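Take a look at the structure below.
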Amino acid sequence: MTDIAAARLKKRHAAETRFRVYGRTAIIIALSFLALLMGRIGMQGYSTFTTNTVSLSVYLDPARIDAGDLEGSNFDYVVALALLKKMGETDDDYGTNASEAMDLVSRDLGFQILNRLKAEPGLLGKTITVTGPMKANADLYYKGQLKRETAQADRRLNNHQLDWLDRLKADGDVKSGFNVAFFTHADSTEPEQAGILGAVMGSAMMLLVTALIAVPMGVLAAVWLEEFAPKNRWTDIIEVNINNLAAVPSIVYGLLGLAVFINWLGAPRGAPLTGGMVLALMALPTIIIATRSALKAVPPSIREAALGVGASRTQTVFHHVLPQAMPGVMTGTILSLAHALGETAPLLMIGMIAFNPGIPEGFTSSASVLPVQVFIWENASERAFHERTAAAIIVLLVFMIAMNAAAVILRRRFERRW
Amino acid sequence: MVMTMTLKPPVIRTAAPHSHHPATPQPTKISVRDINVFYGEKQALNSISVEIPGKAVTAFIGPSGCGKSTFLRCINRMNDTIAGCRVEGQIVMDGQDINDRSIDPVVLRAKVGMVFQKPNPFPKSIFENVAYGPRIHGIASNKQDLEGIVEASLKKAGLWAEVSDRLNQPGTSLSGGQQQRLVIARAIAVNPEVILMDEPCSALDPIATARVEELIDELRQQFCIVIVTHSMAQAARVSQRTVFFHMGELIESGSTEEIFTNPREPRTQDYITGRIG
Amino acid sequence: MTVLVALALLAAFSGGVFLLGRRRAVRLAGGAPASLHSLPGYHGAWVALWAGAPAALILFAFAVFGGRMEDAALRAQAPAAISQLSEQRQEVFWSDARAEARGETSSEVRWEGDLGAAMAAKVSEARQITAYGRIAALALAGVLALVGFLLAFPRLSKDFRARNRVEGWTGVLLIACSTVAVLTTLGIVLSLLWESLRFFQAVSPLEFLLGTSWDPQIAMRADQVASSGAFGAVPLFAGTFLIMLIGMAVAAPVGLFSAIYLSEYAGPAMRATVKPLLEVLAGVPTVVYGFFAALTVGPTFRAFFNWIGSFLVGGPMDALGQYLETVQNQMALTAGVVMGIMLIPFVSSLSDDIINAVPQSLRDGSYAMGATKSETVKRVILPAALPGVVGALMLAVSRAIGETMIVTMAAGLQAKMTANPLDTVTTVTVQIVTLLTGDQEFDSPKTLAAFGLGLTLFVVTLALNVFALAIVRKYREQYD
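Protein chains in written order, with the numbering used here: chain A, 27 to 444; chain B, 649 to 925; chain C, 29 to 508.
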């Protein structure tokens, strides 16, 4: 081998190594993006799953609570006084101390007292113990996300308030525990009371509508196209049309929903029914495509066997071909429903962006869904909502990964080699 | 139409009219010692040892699945590209074991060309197909050089007359037989010493097959050629030596005349008379 | 609700009729089931279909179109009192009347005097119309169910081809389902065209497509004429294009190289781990990417550029330093990079399919010539796969253009024509969301502009998709 040839060979192998490194780097980049994304969201969100609750002994002062007008009484102030008393302080003339105290404890405690008094008016004048969440900022302080080291002007709580919080913790009045409220409450303007149950229910209802419309319709359409349709220009157009529909931006489906469902047919704005219908149209092409390829994979011998014993074409398809294709159909369906579950943009178009402090009452009433809840909370200015946004994303991702895993298991389990 | 059928024992001529056997036996080019090949757990070749002469055509015959193609792919280490394939043993070419770590398969494959069962021209022009090897190996120093190599290779492959006026057309536009001669031209463009052919005529019609066989016979003057075939007639027509494989084992090797007229092994006898296969 | 109850009753009726039909078929057979042309179940199903399907269709149509019909009936006679009101006020009047009648919350407008009286009259009229409409629909459905049953039932006989008839119905159902896909396209095209035409009555299409100033807020002021030149969409197209370019600059190399590595270099074990992980990345909802962009990537980039800037201030590149220190979270780069991350698995899985479609024989041919893997990829596989890869990249571009949540959450609202990735830009989809998520009057040019943008978006992505899918399809056929 000449020197020139040897040098050339060396260069070629160096190029080969470089190329391999590019490829490996690309994969590492892609995977580290995934790790970064998941890691960041996990870090931002995990703290939501615990929360700090405080127990306070509250004197139900008849002078401050009007037994005749319980609703009109200021229970937040009563709770604030109880906290001040615990700290050995009293309110000043301007109410500064009390309002500082109110900044620490959730209004939920006030509501609890109201409800207990309603149920048992005799409690007036007695001292009761109520347990409830800390306000979001106080909670963040306990979780170390709001730090004393930050200049006082730059944080939401002043040194005075932080001293109180330290004392509460030291006295054992504050306990950290699993954040039940996050899973049992709907949205709220107070971050510590905001939960995802409303959004989860909304998502479930919407997905149910989507599935009920898109799955039968998509499967039947695919059956016709694959098994019955003649091969002509019309069916060619349908086929091209379905492939293109699958690639239409989701926001366009939102515009369709707004123009046709809401403005033309008068469907309710922001309701699971309307959202479900829009997402059904969006999921339809992918379900059709998945079902068609599952039907294609069923060998012709099955059809011939059924036709051979005198079954009609319809019987052949519905008794033999479709059941054989079912695992593939299910896999495609679950994947496209998982996709629909995470869809946001079209829902914004049909007005699903309202603040919904309750569990949706029905399919035609205004509701939130998980991804939209994420969007709404992300827009909120309070830091505690960012934590909750990440937590809501974790819940959303858990649902999506569960659905994807189900699809993968289904595919592995029933995968058939003919 | 009346058909008269006469039952005659199969006659296998060992020398085609155009074939000239070398008067002197050729020196050994490749000497194979104790090769075993595994696909995962499954053993595909069992302790193969054989000598392959230079400047002659050696045919590997045997029923399908007997391992002859696998063995062929050992000679230019194409088995390296198959995941889970493991080769053990020595293949010595020009005094060097090609399975040695110091041997670069890239260099080896430039020395040992290969032609496949189905013609596989690249989706490029005829010219670019032939120029591919010289380009990647940096054989031509300038454009004239490259054009010279392409022309010479196409001439050697007997294709020049048919394609000289349309070198810029895609290689895939040629007929099957022309495509196969094109990939032969592609293989000889890098001036190899050995050319491996894996059933090169199985996808061709009889006329194209005859052209390729003629070509093989001409190339024998310059190259060591190893051809895998399951047409015994083809082996008899083109080769000087024949190796018979069965179930992953080498049963018998020898001069083509010997194998076809006077096999030592009963299994070889059975195969060439059509009792197994 | 009423419709649901009616549908349930109808289902029960059909079920009963099914049993009747089946029993009759069994009786007709007289102990020799094989003497029937069709199985008894088909007889039952046929009768049930006649009893149930037309009535269900009526109930369904009532549920879908009933509201519109009631509305039209209510508006048939406009009270004299509202004729002085502006067109928009009249709309509010009608929607209030309907809302009041349904017991929903109406607008905050107080209707007093003549208007109050007219409102009260219309509310009670609306209640009546709703009640009558409901009764009419239910009665019609009931009659249809009964008539269907009475007509179908006597036709059952031994030789009656019930199976063929039922299969005929099934065929109609299947065709109807397939038509929905076509109707969806038609719905998209027509609704976008219709609303856009209304928009283009106020703003000339030329101005919309060529104008360089976008400020839809201007048109919100009551004294402002809508076509005051605030609807030039070019800055939106420029912003969309810039973010798309950044996204593709990330996604194309990373996605393509990942696909090449996975299909040509990686062993089965690596493929089995990396591919599902990339699928996870592909399954992440875009709102999550948006959150990641807004709260992680944006602030990081900003801090980074501000930090660089702090070094340059006072030096020879003072101006650049000054600029870098003012860079904000919502730069095109943030949205573009995160969009690129989102597109990586899309590009890589499409390219993977396409590279795998290149026949193994070409690889073998190249390796046998002594080519290295990278030479084979660069000189044989990629040229062979080029059309497919181009198609895949075009589909990715289409995705990038139509992507909404990432840009809504991470890009800005300022319509600017700039090629500077550190600047804030806005996109077509961001503007659609902004225009349609505020308080809206449906007829204002501001709202309609969203449909103009939507139409543009649809046309561009459709063109890309049709072209790309055609390329990919042709490419696949080549190697099939």
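We treat Cβ as the ideally placed atom computed from N, Cα and C, and that holds for glycine. Remember, predicted model here, so these are calculated numbers, not experimental data.
| Query | Result |
| --- | --- |
| A108(A) CB to nearest chain C CB: under 8 Å? | no |
| So what does DSSP say about A285(A), is it helix, strand or coil? | helix |
| What ranges does the beta strand (DSSP E) occupy inside the stretch 183-270 of chain C, keeping only unbroken runs of at least 3 residues that lie completely in it? | none |
| Starting from K303(C) and walking both ways along the beta strand (DSSP E), at which residues does that stretch end? | Not the beta strand (DSSP E): K303(C) falls in the alpha helix (DSSP H), residues 296-311. |
| Give me, in chain order, the residues of the same chain whose beta-carbon lies closer than 6 Å to that of E736(B); leave out the 5 immediate sequence neighbours on both sides. | N684 |
| Pick out whichever of L492(C), V456(C), A76(C) has its Cα sitting closest to the Cα of G260(C). | V456(C) |
| Starting from K111(A), trace the alpha helix (DSSP H) in both directions and tell me its first and last residue. | 101-112 |
| For G58(C), which residues in the same chain have their Cβ closer than 8 Å to its Cβ, ignoring the five residues on either side in sequence? | none |
| State buried or exposed for H345(A), treating a residue as buried only when at least 16 other CB atoms are found within 10 Å of its CB. | exposed |
| When the Cβ atoms of the stretch 478-491 of chain C are set against those of the stretch 215-228 of chain C, are three or more pairs found closer than 8 Å? | yes |
| Just reading off the alpha helix (DSSP H) that A81(C) is part of, what are its end residues? | 68-103 |
| At a cut of 8 Å, does the stretch 673-682 of chain B reach the stretch 692-704 of chain B through at least three beta carbon pairs? | yes |
| Would you tell me roughly how many angstroms separate the C-alpha atoms of W122(C) and A104(C), rounded to the nearest one? | 11 Å |
| R391(C) CB to nearest chain A CB: under 8 Å? | no |
| Straight-line CA distance for G319(C) to S407(A)? | Here residue 319(C) turns out to be Phe, not Gly, going by the sequence shown. Taking the straight line from one Cα to the other gives about 14 Å. |
| Tell me whether V245(A) sits in a helix, a strand or coil according to DSSP, three-state version. | helix |
| Just the chain C side, please: which residues come within less than 9 Å of N258(A) by C-beta, in chain order? | Result: empty, since nearest Cβ-Cβ is about 13 Å, beyond 9 Å. |
| Show which residues of chain C have a CB atom less than 9 Å away from the CB atom of R834(B). | G393, M397 |
| I'd like the list of long-range same chain contacts for F17(A), defined as Cβ closer than 7 Å, with 5 residues on each side in sequence excluded. | This structure does not reach residue 17(A), given that chain A is present from 27 up to 444, and the question cannot be answered. |
| Taking DSSP as the reference, what is the three-state secondary structure of T116(A)? | coil |
| Say whether chain A places a C-beta atom closer than 8 Å to the C-beta of G688(B). | no |
| Report yes or no: is there a C-beta of chain C within less than 8 Å of the C-beta of F871(B)? | no |
| Determine the chain B residues that contact G295(C) at a beta-carbon separation under 7 Å, and present them in chain order. | A731 |
| What in chain B is Cβ-close to V408(C), meaning under 7 Å? | F770 |
| Go through its chain and collect everything with a Cβ distance to L273(C)'s Cβ below 8 Å, but skip five positions before and after it. | G364 |
| Would the stretch 319-328 of chain A and the stretch 345-354 of chain A be scored as touching if the rule is three or more Cβ pairs under 8 Å? | yes |
| Where does V274(A) sit, in a helix, a strand or coil, going by DSSP? | coil |
| When the cut-off is 8 Å and only beta carbons count, does G761(B) lie next to chain C? | yes |
| What is the residue span of the alpha helix (DSSP H) that Q118(C) lies within? | 115-130 |
| At least one CB of chain C closer than 8 Å to the CB of F764(B): is that the case? | yes |
| Is R50(A) close to chain C, meaning its C-beta is less than 8 Å from at least one C-beta of that chain? | yes |
| Verify the CB distance criterion: does V755(B) have a CB-CB separation below 8 Å to chain A? | yes |
| With H, G and I counted as helix, E and B as strand and the rest as coil, what does DSSP make of L844(B)? | strand |
| So, are the CB atoms of V304(A) and G280(A) less than 8 Å apart? | yes |
| Run through chain A and tell me which residues come within less than 9 Å of L497(C), C-beta to C-beta. | V266, N269, N270, A273 |
| Any beta carbon from chain B within less than 8 Å of L35(A)'s own beta carbon? | yes |
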